[in-house]
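The sequence shown begins at 1 in the UniProt record's numbering and counts up one residue at a time. The structure appears below as structure tokens.
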Amino acid sequence: MATKSLKKLGNNLAQSNKQLEILSNGIFKSGELPTFKDKISETSQFPIKAKKLEILQINVGYMCNQVCDHCHVDAGPDRKEIMTRDTMRQCLEVIKNSGAHTLDLTGGAPEMNPDFRWFVEEAAKVGIKDFIVRSNLTIIRANKKYYDLPEFFKKHNVHVVSSMPHWTRGKTDKQRGDGVFDKSIKALQELNAVGYGMPGSDLRLDLVYNPSGAFLPGDQVAMEKDFKKALMDDFGIEFHNLFAITNLPIARFLDYLIASENYEDYMYSLVEAYNPAAVENVMCTNTLSISWDGYLFDCDFNQMLELPVNSKSRHISEFNEELLEGRNIVISQHCYGCTAGAGSSCQGVVA
């Protein structure tokens, strides 16, 4: 397991331009594989256009208590990028005045932002229909100051979406670090104890599965059944839905693919699994990603590759919903990850 981010290690792949070079050259430049633009052009789906804004996904900082092998954010304890309260205030103005009905807070571990609770409390007053916090679970057990997070989430009716690579200790700890599985189980039990994930409960608790290697996720419905049975039988844990998400070849996962000599095979797998039906519902068409410093991106993956929106409205301080609607979505070869098989988004499969 890594203990430091690529950025801290001085790894070339901490630089977005180095990642884009890899994704644009080699098997794609030679024509061995079609670029994503060429592929979607075959089915007359280029350019992908933004639709009506429904979801604001806000990254409140890259700081995290874990250093996971697959992380496309390259998050970790050594990452100090953090959203300020001033930028949060600008986000609140957009939340009040836009047509978005879902607020999705992510990180890093979003709970580590010192203004996280203030932001949740202020945003909860706005009347968002679905208020999501993407938690790695272990943060709930990381420090006494986080022990009351389940109660805090319940108070504000937060929809908790939690990372859970597998129902076994070995596969979970391999991807996320020693001890992560046991802490995650304890956190899930504490969330259940306040009502999260229970049958008939309005307190939504969903899990996210990312493959632990250079392969695509299996069938989401079948995996959900396996997760539910194993976690109930072994630990008495309940949850609502499982989202199976494809790992995109970005940052730490890209580094893993190259180091393990799986990059080309993985890209072949993504291209061969391309599903034109999934293109219609990719998350970038109804979602806007906001970085810790307030810049606007089509999705969280484009944010990490520093590919800004194709619009004159590029920062939260100059947000203009009219200018953003109907814009051309910025694409590169990593987009194959969202259109492989049944498709993939932060809400699971899309097709």
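For each residue, glycine too, the CB sits at the ideal point set by N, CA and C.
Determine the extent of the alpha helix (DSSP H) in which L257 is found, giving its start and end residues.
Element bounds for L257: A251 to A259.
When you compare each of A123, E238, S41 and C299 to Y196 by their alpha carbons, which one comes out closest?
The residue with the shortest Cα to Cα distance from Y196 is E238.
8 Å is my cut-off, CB to CB: does I237 come that close to chain C?
Absent from the structure is chain C; it holds one protein chain and no more.
What residue range does the beta strand (DSSP E) around F36 cover?
Counting along the chain, F36 falls outside any beta strand (DSSP E), though it belongs to the alpha helix (DSSP H) covering F36 to E42.
Should the region 71-82 be called in touch with the region 314-331, which here means at least 3 C-beta pairs below 8 Å?
Three or more beta-carbon pairs separated by less than 8 Å are not found between the region 71-82 and the region 314-331, which leaves the two stretches without contact.
Grab the span of the beta strand (DSSP E) containing F243 for me, first residue to last.
Counted as a single uninterrupted DSSP element, the beta strand (DSSP E) harbouring F243 occupies residues L242 to A244.
Could you check how far apart the C-beta atoms of V257 and Y268 are, in whole angstroms? I think they sit under 8 Å.
For the sequence presented, residue 257 should be read as Leu rather than Val. Going by Cβ atoms, the distance from L257 to Y268 rounds to 12 Å, so no, they are not a contact pair.
Are G177 and M112 closer than 8 Å when you measure CB to CB?
No, the Cβ-Cβ distance between G177 and M112 is not below 8 Å.
Contact between the region 136-148 and the region 161-169: three or more CB pairs below 8 Å?
Segments in contact, yes.
Is it buried or exposed, V349, if we count other Cβ atoms within 10 angstroms and call 16 or more buried?
V349 is buried by the Cβ-count criterion.
Which residues in the same chain have their Cβ closer than 7 Å to the Cβ of E306, if we skip the five residues on either side of it in sequence?
For E306, where only same-chain residues beyond five positions count, the Cβ hits under 7 Å are S16.
Once the 5 residues before and after Q189 are set aside, which same chain residues still bring their CB inside 8 Å of it?
Hits under 8 Å: F235, G236 and I237.
Cβ shell of N262 (< 7 Å), same chain only, five flanking positions each side left out
Within its own chain, the residues whose Cβ lies closer than 7 Å to the Cβ of N262, once the five positions on either side in sequence are excluded, are A214, listed in chain order.
Burial state of V94 (16 or more Cβ within 10 Å)
Buried is the call here.
Can you tell which of A259, K229, M223 and S344 has its C-alpha closest to the C-alpha of Y274?
Closest by alpha carbon: S344.
Taking the alpha-carbon positions, what's the W167 to S311 distance?
One C-alpha to the other measures close to 43 Å.
So, for K51: in the same chain, excluding its five sequence neighbours on each side, which residues have a beta-carbon less than 6 Å away from its beta-carbon?
The residues are T285 and N286.
Reduced DSSP secondary structure (H/G/I, E/B, other) of Y268:
Reduced to three states, the DSSP call for Y268 is helix.
Taking only runs of the beta strand (DSSP E) that begin and end inside the UniProt domain "Radical SAM core" (58-196), which ones reach a length of at least 3 residues, in chain order?
Those beta strand (DSSP E) runs which fall completely within the UniProt domain "Radical SAM core" (58-196) and span 3+ residues are 102-106, 130-135 and 159-163.
In angstroms with no decimal places, state the Cα-to-Cα distance between G26 and P110.
It is roughly 36 Å from the alpha-carbon of G26 to the alpha-carbon of P110.
Contacts around E122, its chain only, beta-carbon distance under 6 Å, and the 5 residues preceding and following it disregarded
Answer for E122: L92, listed in chain order.
Report the rounded CA-to-CA distance for residue 377 versus E321, giving the unit in angstroms.
Residue 377 lies beyond the range of the chain shown here (1 to 351); nothing can be said about it.
Looking at the secondary structure, which residues open and close the beta strand (DSSP E) in which L23 lies?
Note, L23: premise wrong, no beta strand (DSSP E); alpha helix (DSSP H) at S16 to S24.
Report the rounded CA-to-CA distance for G10 versus A75, giving the unit in angstroms.
Taking the straight line from one Cα to the other gives about 14 Å.
What separation, rounded to the nearest whole angstrom, lies between the Cα atoms of I40 and A278?
Just so you know, the alpha carbons of I40 and A278 end up roughly 11 Å apart.
Element boundaries [alpha helix (DSSP H), containing L231]:
Counting along the chain, the alpha helix (DSSP H) containing L231 begins and ends at Q220 to F235.
If F131 sits next to H156, beta carbons under 8 Å apart, how far is it from one beta carbon to the other, in whole angstroms?
Rounded to the nearest angstrom, the Cβ distance from F131 to H156 is 7 Å, consistent with a contact under 8 Å.
Taking the alpha-carbon of G294 as reference, which of A244, S313 and E280 has the nearest alpha-carbon?
Minimum Cα-Cα distance from G294 among the listed residues A244, S313 and E280 corresponds to S313.
Could you tell me which residues DSSP puts in a beta bridge with H334?
Paired residues: none, contrary to the question.
Cutoff 7 Å; reference F116; Cβ partners in own chain excluding five residues on either side:
Taken in chain order, the residues that qualify are V60 and P110.
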